[in-house]
Ligand SMILES: [Zn+2]
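Numbering (our numbering), first residue to last: 154 to 398.
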């Protein structure tokens, strides 16, 4: 009996540690099931303000400090470099999320919060190692603060992909040859932030998608300069692919 209670308590705390990663997080609409993700979606043109639904009012410009059109050259850390960091900082790849309970390094669940929104993930799961979850939170917080400091209102970044299990990698590879089994996403160290969609929480001040993308690029650039991450600007998949260091 005493042993049963101990197992139940342990299971409860393990579940809690897996579920909370952001102190101000609220529940998310993210699917628990592994389903197709941004890899299969078409990337809209960057001038389309898709971040605010059917918006047809004034779209504002905002000061940005990146060189236009050079993002692909700036954020070009190789997959090999990212894999080295992923293997150093991450978990041992797992077949499914059920195996996360047996890991030496914990995974935390990332949930929509003030700093970022977790998009529906079709081919991955919303889990990261704590170090990566902190990085994601900091990028989201800095993005939000920068928008406000430059005269904007409430915007959040959207995370479109995080942990891939062996099961989801197999499914993804069937549909997209670019997604190899050498994916950093298997280590819980890597996440994708969309530059084609942002979460506009106050439609009274809508900012052009191009400017939002460039501000996000500034933030990711800073974190990369600080030695906190590697990053790739994915043009086709419409995201920044970021691995914590
Ligand atoms: Zn990615």
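Every residue, glycine too, gets a C-beta built ideally from N, C-alpha and C.
Please report the residue range of the beta strand (DSSP E) in which residue i lies.
i: residue 387; result: 382 to 387
i: residue 311; result: 308 to 314
i: residue 270; result: 269 to 271
i: residue 247; result: Premise fails: residue 247 is in no beta strand (DSSP E) and is neither H nor E.
i: residue 397; result: 392 to 397
i: residue 346; result: 343 to 347
Nearest-angstrom Cα distance between residue i and residue j?
i: residue 241; j: residue 321; result: 22 Å
i: residue 266; j: residue 290; result: 9 Å
i: residue 344; j: residue 211; result: 32 Å
i: residue 213; j: residue 363; result: 11 Å
i: residue 179; j: residue 263; result: Confidence at residue 179 is low in this model, with a pLDDT of 31, below 50, so the placement of that residue is unreliable and no value is reported for it.
i: residue 251; j: residue 278; result: 12 Å
i: residue 283; j: residue 261; result: 6 Å
i: residue 396; j: residue 238; result: 7 Å
i: residue 292; j: residue 373; result: 7 Å
i: residue 386; j: residue 225; result: 5 Å
i: residue 356; j: residue 394; result: 28 Å
i: residue 390; j: residue 275; result: 14 Å
i: residue 398; j: residue 379; result: 10 Å
i: residue 302; j: residue 295; result: 10 Å
i: residue 256; j: residue 223; result: 40 Å
i: residue 304; j: residue 281; result: 32 Å
i: residue 325; j: residue 286; result: 23 Å
i: residue 190; j: residue 367; result: Residue confidence is low: residue 190 scores 34 on pLDDT, short of 50, so the model does not pin down where it sits. No coordinate-derived value is stated.
i: residue 382; j: residue 271; result: 20 Å
i: residue 369; j: residue 234; result: 22 Å
i: residue 220; j: residue 351; result: 21 Å
i: residue 188; j: residue 254; result: Interpretation of residue 188 is limited by its pLDDT of 36, a score under 50 that renders its predicted location unreliable; the figure taken from the coordinates is listed afterwards. Whole-angstrom Cα-Cα distance: 22 Å.
i: residue 365; j: residue 288; result: 19 Å
At which residues does the alpha helix (DSSP H) containing residue i begin and terminate?
i: residue 295; result: 283 to 302
i: residue 241; result: 232 to 242
i: residue 224; result: 224 to 227
Take residue i as the anchor and find which of the options has the nearest alpha-carbon.
i: residue 388; options: 346, 306, 286, 374; result: 346
i: residue 377; options: 249, 230, 308; result: 230
i: residue 392; options: 279, 271, 313, 307; result: 313
i: residue 336; options: 348, 350, 318; result: 318
i: residue 340; options: 245, 237, 220; result: 245
i: residue 215; options: 253, 383, 358; result: 358
i: residue 248; options: 299, 366, 323, 309; result: 323
i: residue 297; options: 286, 381, 371, 383; result: 371
i: residue 338; options: 228, 268, 350, 243; result: 243
i: residue 258; options: 349, 342, 228; result: 342
i: residue 361; options: 253, 300, 236; result: 300
i: residue 269; options: 309, 232, 228, 236; result: 309
Looking at the strands, I want to know which residues DSSP matches up with residue i.
i: residue 367; result: In DSSP, residue 367 forms no bridge with anything.
i: residue 360; result: 213
i: residue 261; result: 281
i: residue 352; result: 309
Can you find a CB in chain C that lies within less than 8 Å of the CB of residue i?
i: residue 393; result: The structure shown has no chain C; it contains just one protein chain.
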